[in-house]
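Notes follow the structure.
Dropping the structure here:
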């Protein structure tokens, strides 16, 4: 029985348990409103008087960049606001918990939701968020409400919430679209996707048998807070163990099954700062990407993204002893890298002892390995940028950043301001990491960025589901 539940837990991380707002009255009006406000950055509607202001909660974001983005036509936005409220008054009353803000991406009309965590985008890429959230930005189904720099844990933490305007498509619509995508083995994709989709439906039927009263739902909310505490405490110990070398690269995701909506919820995700440094980012530039809603794929070949998703689906049926994926990506300053991803599901200690909450919470951790020779080439590449930079004023730098679309990846590598702010410190960290890896290699210990004490690895990952 426990083995069955383990399998259910491992299979259910990417599941959606209901179709939300698929037939909303006034959907067309909402679509028009979204198109009007997508390229703006001014508040257009609030359903409740909340003090939440996303920009106030981001630390160290360049205020000059934000100021330039916030120049908008307030009169037109107010007119749109009034029209939307007048045409959708009934629906708005039903969803009083939703806070509207045009800084948030209200809907993604180039994204087709299949199930929770699985998306097809109009570029033909099939995306599994539980793996590709570490290499793709702003392709997630959720809204990024807040970005927090947790310096004591060495991570940048993203707070997520559901996007109520993301339409869910039928499996027939998805397959019809995929059939027109060039460069993929459609019949293989069709088989894997249909099999996985049918598995999801059977799990949905099983989950629908649980009906909790309000008191039990409140207890689940309290359990969620304890789950957050467990996850961050885990990351704290994980960081403390590797603080000496500061070399651990990882991405994580935290969530639960929400019995109120009868669906899985992705509530947190985040990056270790070592991983961000490797990609060519820091907390401020990461925040700017999400605030500006730029979609970025570090895996450049879209078919490779689909292939990886198919591999993840297949592993749901094969139950490998270790989930490992080899990826080719391009850093934000244009350098190609080969990385190894290792995926772990970490079980909540309280949930392990309580059968009633065993499958209700998840904590996913993906570690990254890199070959030391590739790291050396990356250092040499960035050293050339640092030594051959051009002069540029801060004002010119800001203007260049605002006009740049991050999809092009190679951004501002000749900006003096960017180099002074980032590359000098980044190179110091990269060289330090190289020294640590070389030392480990000389000691004939496993090399790569996973510089983990073997005892620590056994202690913390022996309780994972892979």
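In our numbering, the protein residues as written are 90 to 555. C-beta atoms are modelled at their ideal positions from N, C-alpha and C, and glycine is treated no differently. Please read these numbers as outputs of a predicted model, since none were measured by experiment.
In this structure, residue 306 keeps its C-beta atom at 8 Å or more from the C-beta atom of residue 256. Between residue 437 and residue 319, the CB-CB gap stays under 8 Å. At a Cβ-Cβ threshold of 8 Å, residue 346 and residue 353 count as neighbours. The residue from 468, 378 and 250 with its alpha-carbon nearest to that of residue 343 is 250. Here the alpha carbon of residue 273 sits roughly 33 Å from the alpha carbon of residue 435. Judged by DSSP secondary structure, residue 285 falls within the alpha helix (DSSP H) whose first and last residues are 275-296. Annotation: residue 291 to residue 298 spans about 12 Å, alpha carbon to alpha carbon. Residue 230 sits away from residue 210, with the two beta carbons spaced by 8 Å or more. Taking the Cα positions, residue 222 is about 30 Å away from residue 442. For residue 283 against residue 260, the beta-carbon gap comes to about 7 Å, under 8 Å, which counts as contact. Rounded to whole angstroms, the gap between the alpha carbons of residue 411 and residue 432 is 7 Å.
Put simply, the backbone Cα of residue 276 is about 13 Å away from that of residue 396. For residue 438, the enclosing alpha helix (DSSP H) covers residues 438-442. A buried status is given to residue 456, since no fewer than 16 other beta-carbon atoms sit within 10 Å of its beta-carbon. Bounds of the beta strand (DSSP E) holding residue 430 are 425-435. Using a Cβ distance threshold of 8 Å, residue 430 and residue 220 count as a contacting pair. Exclusion of the five residues before and after residue 234 leaves 248 and 250 as the residues of its chain whose Cβ lies within less than 6 Å of its Cβ.
Contact between residue 244 and residue 362 holds, since their C-beta atoms are separated by about 7 Å, short of 8 Å. Take residue 339, set aside five residues on each side of it, and the residues of its chain with a beta-carbon closer than 7 Å to its own are 361, 364, 454, 455, 456 and 457, in chain order. For residue 342, the uninterrupted beta strand (DSSP E) run begins and ends at 339-347, by DSSP. Within the segment 385-428, the complete beta strand (DSSP E) segments of 3 residues or longer fall at 412-419, listed in chain order. Beta-bridge partners of residue 455 (DSSP): 340 and 432. Here residue 528 carries a helix assignment [DSSP, helix/strand/coil]. With fewer than 16 other beta carbons inside 10 angstroms of its own, residue 265 counts as exposed.
For residue 330, the enclosing alpha helix (DSSP H) starts and ends at 303-330. The Cβ-Cβ distance between residue 468 and residue 516 falls below 8 Å. Per DSSP, residue 267 lies in no beta strand (DSSP E); the unbroken alpha helix (DSSP H) holding it starts and ends at 260-267. In this structure, residue 217 and residue 398 form a Cβ contact; the two beta carbons are roughly 4 Å apart against a cut-off of 8 Å. If the five residues before and after residue 281 are omitted, its C-beta is found closer than 7 Å to the C-beta atoms of 399, 402 and 403, all from its own chain and listed in chain order.
Taking the C-beta atoms as reference points, residue 387 is found nearer than 8 Å to residue 368. For residue 316, the CB contacts under 6 Å within the same chain, skipping 5 residues up- and downstream, are 437 and 450 in chain order.
Closest in C-alpha terms to residue 268, from the list 357, 384, 294 and 213, comes 213.
At least 8 Å separates the beta-carbon of residue 523 from that of residue 459. Per the coordinates, the alpha-carbon of residue 372 lies some 34 Å from the alpha-carbon of residue 351.
Sequence-distant Cβ neighbours of residue 424 in its own chain, meaning closer than 6 Å and more than five residues away, are 467 and 470.
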